[in-house]
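As numbered in our numbering, residues 1 to 673 make up the sequence shown, in order. Idealized CB from N, CA, C, for every residue including glycine. Given the structure is predicted, the values throughout are model-derived calculations rather than measurements.
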Amino acid sequence: MADGKEDPAVFTSTSLPSDPRLLATVTNAYLGTRVYRDILHVNGVYNGAVGDTHRADIPSPVNVRMMVPGADSLAETFTLNTRMGTFSHMLQSTDYTATHQIYAHHSLVHLMAFSITIRRSAHTTQPITVQLQTPFVPKSQDLDLNQGPDFQGAHYIYGKTLVPEVEGGPSPTVHMLWTPTPHALTLHGEEWERSWEFLTAVAESEEEAKRSYSEGLALIAAGSLHSSHAHAWATLWRGCCIDLDGPLPLRQAVYGCLYYLLSAIPPRGNLGFLFHGISPGGLSNGTQGEDYWGHVFWDQDTWMFPNILLFYPEAARAILEYRIRMLEGALRNAQEQGYKGAKFPWESAATGREVCPEEIYGAQEIHVTGDVLMAFEQYYCTTQDQKLFREDGGWKLVGAVAQYWCSRMVWSEEEQCYHIKGVMPPDEYHYRVDNSVYTNAVAQRSLNFAADIARDFLIPVPEEWVDCAKKVKVPFDAEKKYHPEYDGYSPGEPVKQADVVLLGFPLMHPMSSEVRRNDLEMYEPVTELDGPAMTWSMFAVGWLELKEVQRAQSQLNKCFSNITEPFKIWVENSDGSGAVNFLTGMGGFLQAVLFGYTGFRITKTSLRFNPAFPDDINKLKVTGVSYFGNKIQFTITKKEIRIKVTEFPQDAPASPLEAVLEESGQRFPLREG
1 MADGKEDPAV FTSTSLPSDP RLLATVTNAY LGTRVYRDIL HVNGVYNGAV GDTHRADIPS
61 PVNVRMMVPG ADSLAETFTL NTRMGTFSHM LQSTDYTATH QIYAHHSLVH LMAFSITIRR
121 SAHTTQPITV QLQTPFVPKS QDLDLNQGPD FQGAHYIYGK TLVPEVEGGP SPTVHMLWTP
181 TPHALTLHGE EWERSWEFLT AVAESEEEAK RSYSEGLALI AAGSLHSSHA HAWATLWRGC
241 CIDLDGPLPL RQAVYGCLYY LLSAIPPRGN LGFLFHGISP GGLSNGTQGE DYWGHVFWDQ
301 DTWMFPNILL FYPEAARAIL EYRIRMLEGA LRNAQEQGYK GAKFPWESAA TGREVCPEEI
361 YGAQEIHVTG DVLMAFEQYY CTTQDQKLFR EDGGWKLVGA VAQYWCSRMV WSEEEQCYHI
421 KGVMPPDEYH YRVDNSVYTN AVAQRSLNFA ADIARDFLIP VPEEWVDCAK KVKVPFDAEK
481 KYHPEYDGYS PGEPVKQADV VLLGFPLMHP MSSEVRRNDL EMYEPVTELD GPAMTWSMFA
541 VGWLELKEVQ RAQSQLNKCF SNITEPFKIW VENSDGSGAV NFLTGMGGFL QAVLFGYTGF
601 RITKTSLRFN PAFPDDINKL KVTGVSYFGN KIQFTITKKE IRIKVTEFPQ DAPASPLEAV
661 LEESGQRFPL REG
């Protein structure tokens with residue numbers, strides 16, 4: 001490995017951060033917590049009405065701290081091992097080692113667990129005792145909790161959330177079983193080593209909670225509870241990896257981002273629960289007043305989704321299925337604002353109704369509806385999964401979004417084009433503006449995709465879709481050759497975050513490299529330096545497109561001020577404010593590596609690549625890229641690109657994939673291996 005032998009995927013420290021928000025998280029697609037936190041959260045379980053709805057706090061039995069009082073000269077380490085999805089705390093003396101491991105089981109998503117292992121390292125026969133601090137109290141401000149009878153040695157509580165999101169909306173019941181934790185554990189004189197394992201099972205039915213708990217007990221009896229979890233993580237990493245021969249901080253950042261993002265995605269195979277999307281701070285956060293209450297934004301569809309799609313299309317599909325299930329709410333949102341079709345909420349929770357506490361965003365930040373559809377388009381181009389659209393509700397959603405955009409446009413006699421008025425662009429410093437260039441371009445892209453998919457399915461394309469797409473205004477200053485952010489934007493006006501630069505990527509709005517450069521140069525100096533963490537990644541992608549690698553790197557380096565030590569938790573803003581465990585920033589950063597350094601672009605007809613990376617990176621290996629059911633490995637150095645197909649789809653078409661060199665038109669068929 002470059003930079004000595006340090007493993008870039010293992011983060012170790014002799015102390016914990018002073019701010020508990022920056023502690024490592026252990027989550028899977030269904031359960032999540034921060035280590036040493038008194039609450040955990042369950043996917044899709046919210047409490048509170050409309051803007052007050054937030055992830056329901058559930059008391060956490062895994063909030064246990066190991067200590068040995070009165071012991072001198074104990075070496076103490078805290079480690080997050082992202083390869084195994086496990087947090088551990090180790091106390092070491094000359095006589096023994098005590099290790100406390102905490103994890104959310106990746107494949108058995110209803111389980112969280114911790115273990116304590118004491119092992120002698122010298123020939124002493126004294127008993128060794130560790131104390132366990134367990135501040136657990138079975139109470140919640142969000143659930144009406146009741147105690148049930150013990151089950152297979154576990155305590156049992158259950159209860160409903162108190163207030164539904166909207167009248168008649170879901171009020172789920174949570175069932176929890178956990179192994180009681182003693183105050184102390186002792187390794188007796190005649191024992192050399194011993195482990196104790198503690199389980200927590202959480203589900204929305206008593207039957208599922210008990211089934212999961214029993215399954216966990218059986219694995220403990222077989223000695224394979226933790227190894228089955230570590231195996232699930234190893235499989236996950238095998239299917240998706242970004243290996244860089246470059247600076248250690250960059251490699252650590254990539255592993256950290258992948259770990260926190262992969263923690264949030266559903267495991268492969270039958271889920272057995274409905275996946276409720278990914279909020280900016282993930283499942284470990286989102287209690288009332290924190291991390292946007294655990295609501296789902298465009299952060300999921302624009303910033304996190306492309307990375308997930310490239311590696312795990314099945315998990316990407318689960319995200320789209322969440323949006324399809326929320327369609328009823330989106331249709332209601334549009335109707336309430338006087339429009340047709342479906343308007344996705346700026347903030348979404350359990351129903352798809354708008355749950356943003358401040359009305360202005362829900363009313364004006366409408367680009368989110370186009371962002372949702374762009375995720376569907378990227379998915380379709382990458383998988384050709386027609387079933388999602390024909391049978392599983394995707395086409396209804398596509399049509400409803402197209403209808404919304406048409407009803408949201410007004411014809412301007414003067415300019416002879418359609419306008420979209422009174423919006424807030426991604427740059428939230430400005431509101432009630434007309435023709436936000438990003439909003440209009442994403443609306444145009446929605447309509448073009450809707451028409452394309454209708455043609456693919458031999459469905460007649462409504463005239464209105466074609467007309468609105470062709471004639472919607474996308475502001476452009478022909479004299480200065482750049483895109484003004486909206487009608488009346490004057491150059492030099494401060495901008496909160498990446499906005500116009502998103503036209504180049506991910507929108508891939510057609511423009512010359514001169515215009516692309518002008519947009520970057522116009523907005524880079526006026527964009528808020530302490531703004532949200534994903535901004536600079538998108539400037540980096542733009543400069544990499546133009547092969548200005550050092551300029552790109554200086555933008556990407558700004559992201560490092562949002563990464564905290566020692567567990568690589570991202571904060572939304574570099575001054576530490578905003579959301580923590582900010583998956584949105586991590587998603588942007590990964591896109592800069594995955595789509596920037598490699599130049600990957602998902603288009604209607606191909607997966608394009610055009611690499612560019614800075615001097616201090618010698619090699620980039622991306623394993624597990626999914627395209628049309630194939631798994632592909634790209635190895636890129638400054639001199640060559642190697643492409644290897646590692647897996648073919650079961651029902652492989654007769655014609656294999658081809659690599660095409662754009663400049664010469666040379667074609668290379670890619671057969672397995």
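Residue span of the beta strand (DSSP E) that contains residue i, given as start and end
i: residue 213; result: Where residue 213 is concerned, there is no enclosing beta strand (DSSP E), although the alpha helix (DSSP H) it sits in stretches over 206-221.
i: residue 417; result: 417-419
i: residue 159; result: 154-161
i: residue 563; result: Careful: residue 563 lies outside any beta strand (DSSP E) and carries neither H nor E.
C-alpha gap between residue i and residue j, whole angstroms
i: residue 633; j: residue 595; result: 14 Å
i: residue 427; j: residue 565; result: 29 Å
i: residue 323; j: residue 200; result: 30 Å
i: residue 500; j: residue 536; result: 13 Å
i: residue 575; j: residue 524; result: 19 Å
i: residue 126; j: residue 186; result: 10 Å
i: residue 629; j: residue 374; result: 20 Å
i: residue 453; j: residue 47; result: 38 Å
i: residue 357; j: residue 286; result: 14 Å
i: residue 38; j: residue 131; result: 18 Å
i: residue 425; j: residue 438; result: 7 Å
i: residue 376; j: residue 65; result: 44 Å
i: residue 506; j: residue 591; result: 10 Å
i: residue 579; j: residue 560; result: 16 Å
Buried/exposed call for residue i, threshold 16 Cβ in 10 Å
i: residue 603; result: exposed
i: residue 671; result: exposed
i: residue 353; result: buried
i: residue 289; result: exposed
i: residue 184; result: exposed
i: residue 14; result: exposed
i: residue 403; result: buried
i: residue 110; result: buried
i: residue 124; result: exposed
i: residue 473; result: buried
i: residue 198; result: buried
i: residue 550; result: exposed
Element boundaries [alpha helix (DSSP H), containing residue i]
i: residue 356; result: Here residue 356 belongs to no alpha helix (DSSP H), and DSSP marks it neither H nor E.
i: residue 319; result: 313-325
i: residue 549; result: 549-557
i: residue 122; result: Note, residue 122: premise wrong, no alpha helix (DSSP H); not H, not E.
i: residue 36; result: No alpha helix (DSSP H) contains residue 36, which DSSP labels as neither H nor E.
i: residue 144; result: Residue 144 -> not in any alpha helix (DSSP H); beta strand (DSSP E) instead, spanning 143-151.
i: residue 518; result: 513-523
Residue i, DSSP secondary structure in three states
i: residue 453; result: helix
i: residue 487; result: coil
i: residue 179; result: coil
i: residue 583; result: helix
i: residue 612; result: coil
i: residue 241; result: strand
i: residue 539; result: helix
i: residue 188; result: coil
i: residue 465; result: helix
i: residue 89; result: strand
i: residue 383; result: helix
i: residue 681; result: Since the displayed the chain opens at 1 and closes at 673, residue 681 lies outside it and no answer follows.
i: residue 407; result: helix
i: residue 308; result: helix
i: residue 620; result: strand
i: residue 230; result: helix
i: residue 199; result: strand
i: residue 50; result: helix
C-beta neighbour in chain D for residue i, strict 8 Å
i: residue 588; result: Absent from the structure: chain D. Only one protein chain is present.
The ligand COA heavy atom lying under 7 Å from the CB of residue i
i: residue 109; result: The ligand content of the structure shown is nil, which means the ligand COA is not present either.
(Q) Does the structure place the segment 274-283 close enough to the segment 315-327 that three or more beta carbon pairs sit under 8 Å? (A) yes
Q.
Tell me whether the segment 222-240 and the segment 106-114 touch, counting them as touching only if at least three CB pairs, one residue from each stretch, are closer than 8 Å.
A. yes
Q: Could you tell me whether the segment 198-218 touches the segment 600-614, using the rule of 3 or more Cβ pairs below 8 Å?
A: Contact check between the segment 198-218 and the segment 600-614: fewer than three CB pairs, one atom from each, fall below 8 Å, which does not count as touching.
**Q.** At least 3 beta-carbon pairs within less than 8 Å: the segment 137-154 vs the segment 332-341
**A.** no
Q. Looking at C-beta atoms only, is the number of pairs between the segment 449-463 and the segment 473-484 that lie closer than 8 Å three or more?
A. The segment 449-463 vs the segment 473-484: no contact.
Q) So, do the segment 387-396 and the segment 361-370 have three or more beta carbon pairs nearer to each other than 8 Å? A) Not touching, per the Cβ criterion.
Q | Touching by the beta-carbon criterion (3+ pairs, under 8 Å), the segment 635-651 and the segment 611-625 | A | yes
(Q) Does the structure place the segment 489-504 close enough to the segment 531-551 that three or more beta carbon pairs sit under 8 Å? (A) Taking 8 Å as the limit for Cβ pairs, the verdict is that the segment 489-504 does touch the segment 531-551.
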